[in-house]
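For the record, in the sequence shown the residue sitting at position 43 is 43 according to our numbering, with numbers rising by one throughout. Glycine included, C-beta positions come from ideal geometry on N, C-alpha and C. Small disclaimer: the values here were computed from a predicted structure and weren't measured. What follows is a single structure, written as structure tokens, with notes after it.
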Amino acid sequence: MTTYVYEIIPAKADEKLRYVEIKQGMKDAPLTKHPETGEAIRRVIFGGYGALSKGSDNGSSSGCGPSCGCH
């Protein structure tokens, strides 16, 4: 089971966004209603974080460095 983040769609324009985490199978279709409250929801896709920069190459293929023992 995977945990997905869902956004509760506000009923009124002045309501703040709320988020919930719901466990589902990876092949399950995205939910459209909160399973407990019946409120309208939509699945939120968050991107990862990465940074690219020009600079010196320390010879490592990963960001962990030579002291971690994985190379």
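- Out of Gly25, Phe46 and Ala11, the CA that lies nearest to the CA of Val5 is found in Phe46.
- When secondary structure is reduced to three states using DSSP, Lys54 falls in the coil class, being assigned neither helix nor strand.
- Beta-bridge annotation (DSSP): Glu21 is paired with Val5.
- Residue nearest to His34 within the set Asp28, Val20, Met26 and Lys27 is Val20 (criterion: CA-CA distance).
- Ile41 is bridged by DSSP to Ile8.
- At a Cβ-Cβ threshold of 8 Å, Ala40 and Ile9 count as neighbours.
- Each residue's CA atom was taken as its position, placing Thr3 and Met26 some 9 Å apart.
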